[in-house]
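Here is the structure we will look at, set down as structure tokens.
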Amino acid sequence: MDEEIALELQATGIGLSIADQCRLLKINRASYYRWKAHQEQSVREERQRQLDAKKDSEISFATAVLDAWQAHPTYGYRKLSHYMLRSGHLEATEKRVRLMYQRLGLKGLRPKFKTTRPPKRKFKKYPYLLRGKTIAYVNQVWATDITYIKLDGRMVYLTAIIDLYSRKILSWGLSETMKTEFCIDCLHEAVVRYGVPAIFNTDCGSQFCSNEFIGALQGYGIEISMDGIGRCLDNIFIERTWLTLKYECIFLHDWRTMKELEAGLSSFIFSFNSERPHQGLDYQIPDEVYRKGCFPVGEDDTKEQVA
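Heads up: the sequence shown begins at 1 in UniProt numbering, then just goes up one per residue.
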């Protein structure tokens with residue numbers, strides 16, 4: 001229909017029904033409604049384009065903040081804001097960076113100093129073996145940890161083992177409890193698929209200090225390393241892996257069942273290993289680095305690991 005007539009119909013129709021206006025202007029009423037529906041659809045599409053553009057901008061900024069934090073995990077939001085501004089991210093005001101820190105659960109990492117005497121440990125504590133050590137080849141050092149995932153109002157637990165040289169996720173497992181068995185299963189799976197590492201690094205969690213887990217490591221002849229108590233940077237590579245996984249996978253979905261979560265994690269970890277370029281590997285892919293086994297670890301990465 002003639003758009004000008006339709007506009008005139010809208011402008012002059014005060015007090016008249018649509019049917020009366022169409023009859024006076026000799027316009028087919030069905031044509032008017034088709035035009036009106038088209039206009040409303042155009043408005044909705046434009047609104048959606050604006051929302052998508054805003055979402056893309058937020059994702060881009062969040063990615064920039066996460067990348068900057070991963071490069072400087074000890075920075076608080078103020079220092080990171082100044083760092084990003086100097087790097088050309090003019091949108092990285094202190095307020096925006098602070099809000100993004102809150103959304104992503106970031107903070108400047110610092111060693112925690114204990115003010116009270118810890119209780120006697122039930123399990124043996126092994127020394128941290130990576131300080132001053134250059135990680136120069138695959139299967140030299142593996143690391144593991146457990147992280148929490150909120151699933152339909154409850155917490156479930158994810159463990160994973162990574163090769164520190166290639167950053168490849170070698171094996172992983174989900175559990176509804178914090179029992180040691182799922183950590184041991186993860187270890188056995190990694191060894192069966194990739195062989196035995198020289199050193200295995202963990203934190204001091206009860207699962208990894210347990211006689212069962214220690215016995216499994218000793219059974220393979222693996223040298224055991226444990227993070228220092230309060231040394232939040234000792235296992236920084238796997239902490240970065242958790243952040244990447246949560247931001248690029250977990251936070252983008254609303255899974256309700258373990259089956260859905262497992263399928264989503266499986267897809268993401270496959271992509272993480274085989275498709276996603278890694279800044280710490282000079283934008284190579286973990287699978288490629290693991291296969292080649294000869295990519296030189298940068299001095300800065302080594303310093304971060306052994307700080």
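Even for Gly, the Cβ is constructed at its ideal location relative to N, Cα and C.
All figures in this text were calculated on a predicted structure; none of them were measured in a lab.
Closest to residue 182 by C-alpha separation, out of 212, 243, 264, would be which residue?
Of the candidates 212, 243, 264, the one whose C-alpha sits nearest the C-alpha of residue 182 is 212.
Specify the secondary structure class of residue 155 as computed by DSSP and reduced to three states.
It is a strand residue.
So, for residue 186: in the same chain, excluding its five sequence neighbours on each side, which residues have a beta-carbon less than 8 angstroms away from its beta-carbon?
So the qualifying residues of the chain are 144, 159, 160, 161, 171, 172, 173.
Tell me whether residue 278 is buried or exposed, calling it buried when 16 or more other Cβ atoms sit within 10 Å of its Cβ.
With 16 or more other Cβ atoms within 10 Å, it is buried.
Rounded to whole angstroms, what is the Cα-Cα separation between residue 74 and residue 108?
Each residue's Cα considered, the two are about 4 angstroms apart.
Excluding the 5 residues preceding and the 5 following residue 68 in the sequence, name in chain order all residues of the same chain whose CB lies nearer than 7 angstroms to its CB.
Closer than 7 angstroms at the Cβ level, and outside the excluded window around residue 68, lie 80, 83, 84.
To the nearest angstrom, how far is it from the Cα of residue 215 to the Cα of residue 262?
In a straight line, the C-alpha of residue 215 is about 28 angstroms away from that of residue 262.
Is the separation between the beta-carbon of residue 137 and that of residue 293 shorter than 8 angstroms?
Yes, the pair counts as a contact, with Cβ atoms nearer than the cut-off.
Please classify residue 253 as buried or exposed, where buried requires at least 16 other C-beta atoms within 10 Å of its C-beta.
It is exposed - the Cβ of residue 253 has fewer than 16 other Cβ atoms within 10 Å.
Quick check on the burial criterion: 16 or more other C-beta atoms within 10 angstroms. Buried or exposed for residue 59?
By the neighbour-count rule (16 or more Cβ atoms within 10 Å), residue 59 is not buried but exposed.
Starting from the N-terminal side, write out each stretch of the beta strand (DSSP E) that is 3 residues or longer and does not extend beyond the segment 187 to 268.
The qualifying runs are 199 to 202, 223 to 226.
Does the separation of the CB atoms of residue 258 and residue 125 fall below 8 angstroms?
Against a cut-off of 8 angstroms, the Cβ pair of residue 125 and residue 258 comes out as no contact.
Label residue 166 either buried or exposed according to how many other C-beta atoms from any shown protein chain fall within 10 Å of its C-beta, with 16 as the threshold for buried.
That one is buried.
Sort out for me which residues DSSP pairs residue 148 with in a bridge.
DSSP, once it has assigned bridges, lists 157 as partnering residue 148.
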